[in-house]
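Undergrad: Each step along the sequence shown adds one to the number in this note's numbering, with nothing skipped, and position 352 is 380.
Yeah, the Cβ is synthetic: ideal placement off N, Cα and C, and Gly gets one too.
Take this structure first; my questions come after.
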Amino acid sequence: MTQTAHGVEFTQHLSETPKSAEERAAILANPGFGDYFTDHTAIVDYSVDAAGNGGWHDARVEPYGPISLDPSAAVLHYGQEIFEGLKAYRHADGSIWTFRAEANAARLNKSARRLALPELPEEYFLGAIRELVAADKGWVPSGDGEALYLRPFMIATEAFLGVRAAREVSFRVIASPAGNYFGGELKPVSIWISREYARAGRGGTGAAKCGGNYAASLIAQQEAEAHGCKQVLFLDQFNDNAVEELGGMNVFFVMKDGSLVTPALSGTILEGITRMSVIQVARDMGREVTERKITLDEWREGVASGEIAEVFACGTAAVITPIGVLKDATEFIGSEDATAGETTLAIRAQLLGIQTGTVEDTHGWLTRLA
Ligand code: PLP
Ligand code: COI
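Have a look at this one:
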């Protein structure tokens, strides 16, 4: 039993068969994204007692392994599931830090409210991350742009086929060493415009981070890949083709005067922690940032006239990735030969610098984990 700094106790049951240092080193030499997992997982369960009182209990770290679920578990039928994504970064002195984890804890609870799941007290969220990283600290890579990707998630485990909010839920965190999400070196990506499929609609779950949103995006993502594109762009077809976001990232435009524009939060897009950090970092660098409606027409005309100088995608997995081309059967905006823009690279360097400890963390965004 260990006591975390947050006052929540996690029972430790460490793996008897962790990967050897050699196996781990081979994986960390080329981690990719989401292919390999560490030796442990952190778990906190929730249940409602006979008197109707719900509570979180049995906080623990266990060896990584399959989950045993009743085939009637609600998550398998009605998709009552939410998740988060954040990273642990290794600094030059070997210490390990996480970035704005409190914001992820808050967003998890926002998603929980939308999906009728119980909110998780922040100390459990932070405690689970701290305990998991403590058990798996050898898995945090140190290469440029590399980190340990942490995937907290919450699932409805109750065995019951009636359609209502589950009374048994499990919160878990798994971890995966991560390099560039798009593989290889950083270079501009091509994006496919989804015309037929929307990711989210008014009153739907677009602002929540729930598995269902990603399930709904996969057919569009397949279409994108079939056309040689790495991600899909979702538009609001009922609002002048306003730019929403990519399947797993927010979008920013760098205007020719050096200011930035990003689509305003509309209730149908996810409020990215990277998005909010880019807004702050760019303002700290003296740039003007506007959150407003920006349409596909403005994107097309802005690139043609030079008003829009650079476009980039951002998210925890993608960090900051330049967008070279936006296309579909009728559009081709940008250039296949595009190189990463100066402002995109400067903001990326500043943000990664804060995360990895080479740039001063003036906002108190980092928390030491190990
Ligand atoms: N939008 C979507 C749909 C995402 O999946 C993500 C990734 O988490 C983001 C935006 C960016 O969010 P964040 O910066 O918090 O990772
Ligand atoms: C993240 O960036 O954390 C995400 O969840 C996006 C996903 C495409 C991996």
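With distances taken between CB atoms, is the gap from Leu246 to Asn278 smaller than 9 angstroms?
TA: In this structure, the beta-carbon distance from Leu246 to Asn278 does not fall below 9 angstroms.
Undergrad: Any heavy atom of ligand 1 within a distance shorter than 8 angstroms of the CB on Glu273?
TA: yes
Undergrad: Counting pairs of beta carbons, one from the region 110-128 and one from the region 176-189, are three or more of them closer than 8 angstroms?
TA: Segments in contact, yes.
Undergrad: Mind checking who Ile219 pairs with in its DSSP beta bridge?
TA: Gln259, Leu354
Undergrad: Does ligand 1 have a heavy atom nearer than 8 angstroms to the CB of Met182?
TA: Judged by the Cβ position, Met182 fails to qualify as a neighbour of ligand 1 at the 8 angstroms threshold, every heavy atom of the ligand being at least this far.
Undergrad: Leu379 to Arg128, Cα distance in whole Å?
TA: 12 angstroms
Undergrad: Cβ of Thr344 within 8 angstroms of any heavy atom in ligand 1?
TA: yes
Undergrad: DSSP three-state label for Val306, please.
TA: helix
Undergrad: What residue from Ile55, Pro146, Val260 has the CA that sits closest to Glu272's CA?
TA: Val260
Undergrad: Given a cut-off of 9 angstroms on the beta-carbon distance, is the pair Leu397 and Ile157 in contact?
TA: yes
Undergrad: Between Thr384 and ligand 1, is the CB less than 8 angstroms from at least one heavy atom?
TA: no
Undergrad: Under 9 angstroms between the Cβ atoms of Cys342 and Phe280?
TA: yes
Undergrad: Report the rounded CA-to-CA distance for Pro59 versus Gly83, giving the unit in angstroms.
TA: 37 angstroms
Undergrad: Output the distance between the C-alpha atoms of Gly229 and Arg303, rounded to the nearest integer angstrom.
TA: Gly229 and Arg303 have their C-alpha atoms spaced approximately 21 angstroms apart.
Undergrad: For Phe38, count the other beta carbons within 10 Å of its own beta carbon; 16 or more makes it buried, fewer makes it exposed. Which is it?
TA: Counting of Cβ neighbours within 10 angstroms places Phe38 among the buried residues, the total reaching 16 or more.
Undergrad: Taking only the alpha-carbon atoms, compute the straight-line gap between Gly231 and Gly122 and give it to the nearest angstrom.
TA: Between the alpha carbons of Gly231 and Gly122 lies a gap of roughly 45 angstroms.
Undergrad: Does the beta carbon of Ile322 fall short of 8 angstroms from some heavy atom of ligand 1?
TA: no
Undergrad: For Asp164, count neighbouring Cβ atoms within 10 angstroms of its own Cβ and tell me buried if that reaches 16, exposed if not.
TA: buried
Undergrad: Using a 10 Å radius around the Cβ and a threshold of 16 neighbouring Cβ atoms, would you call Met29 buried or exposed?
TA: At Met29 the pLDDT is 45, less than 50, meaning the model places this residue with poor confidence; the figure from the coordinates comes in the next sentence. Its Cβ having fewer than 16 others within 10 Å, Met29 is exposed.
Undergrad: By Cβ distance below 7 angstroms, which residues in the same chain neighbour Gly218 in space, the five residues on each side in sequence not counted?
TA: Inspection of the sequence shows that residue 218 is occupied by Ser rather than by Gly. If we look at Ser218 and ignore the five residues flanking it on each side, its Cβ neighbours are Gly256, Cys257, Lys258, Gly352, Val353, Lys355.
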